[in-house]
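As numbered in mature numbering (1 follows the signal peptide of the UniProt record, and there is no 0), residues -17 to -1, 1 to 275 make up the sequence shown, in order. Reading through the structure tokens given below for one structure.
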Amino acid sequence: MKEWWVQVGLLSVPLLAVYLHIPPPKLSPALLSWRSSGGYFTYKDQNIFYRDTTGAVGSSDIVVLLHGFPTSSYDWYKIWEGLTQRFHRVIALDFVGFGFSDKPRPHRYSIFEQASIVEGLVRHLGLHHQRINLLSHDYGDTVAQELLHSSGMVSRSISCRCCPKVVCGRCRFHPGLAQAYTALRAISRLCSPRRHRPLRNNGFLFSILQYINQRKKHRDRWVGALMSTSIPLHLIYGPLDPVNPHPEFLQLYKKVLPMSTVSVLDDHISHYPQLEDPTGFLNAYLNFINSF
């Protein structure tokens, strides 16, 4: 009788082959609506999805939202309408490799590239001389930190989510600005029906996950950007977050960034506060915005 592991291997090969050829699931009506209300711009031959909604009449304020890993701009759908009641423009994008944006492979994905894509979108929309309110989460926080480091023209901040939690800020984009940042995440589809297959390739996943090593390598650069900025920062924190456990994370955050203000949501709120408590999250964010 053959060894059991040989039998398992022989069975696994055809099953894996079948799995890799299963077509991606159909988009839900909500995601179809989200995609149809957005558009694309081109960054170095890559199609980048974004949404740009005109909102409050009489307001000139703009907010750019940057999502986390491994999701997309759909992270923001529960607070989108609320933001349009306060801001003149509400803008979000899918980073390259995520959501409805292209997923090139092989490709060297990096935080620096994602930040440049955000700057490219701001330029595409003709907003590179405008003050931009930034809101970020998770992966997007690191993109935001690179913006703070690389920009010598950053202006007053109003709201961004930095570190692994939500921080908020406002900055001014200029022609020489190299990067940009902010984001939150939600449950969303990771495959684009436009050009590439779903995220099932280990090489692709490995390439995307290099942001973890980049965080370690450039820690001084990105933490230093937070510590040295004159832009007001605000953290919106869910105490039940398993990625940033309470109270250790909050204590460390306040120690490293004593100039940042903090909003702590209800005890049952975890890593996705904009989805778990959209009302509480939106109130915390707008209170910070309106304090200037």
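Each residue gets a CB set at the ideal place from its N, CA and C atoms; glycine is no exception. Note that the structure is a prediction, hence the values are computed from the model and not measured.
Locate the alpha helix (DSSP H) running through N266, then write down its first and last residues. 261 to 272
Taking just the CA atoms, how far does P230 sit from A75? 31 Å
Endpoints, the alpha helix (DSSP H) within which G123 is located: 122 to 133
For the 8 Å Cβ check, are there 3 or more pairs between the region 217 to 224 and the region 185 to 198? no
Closest by C-alpha distance to V47, when choosing among V79, F232, N116: N116
Per DSSP, which residues does D35 bridge with? Please list them. I74
Could you tell me the distance, in whole angstroms, from the CA atom of F271 to the CA atom of D35? 22 Å
Could you compute how far the alpha carbon of A267 sits from the alpha carbon of L258? 14 Å
Other residues of its chain near H179: CB distance less than 8 Å, five sequence neighbours each side excluded: Caution is warranted here: a pLDDT of 39 is assigned to H179, below 50, making its placement in the model unreliable, and the coordinate value is therefore given only provisionally. Within the same chain, H179 has close Cβ partners D85, K86, P87, R88.
Which one or two residues does DSSP pair with N30 in a beta bridge? T25
Output the distance between the C-alpha atoms of L15 and D77, rounded to the nearest integer angstrom. 15 Å
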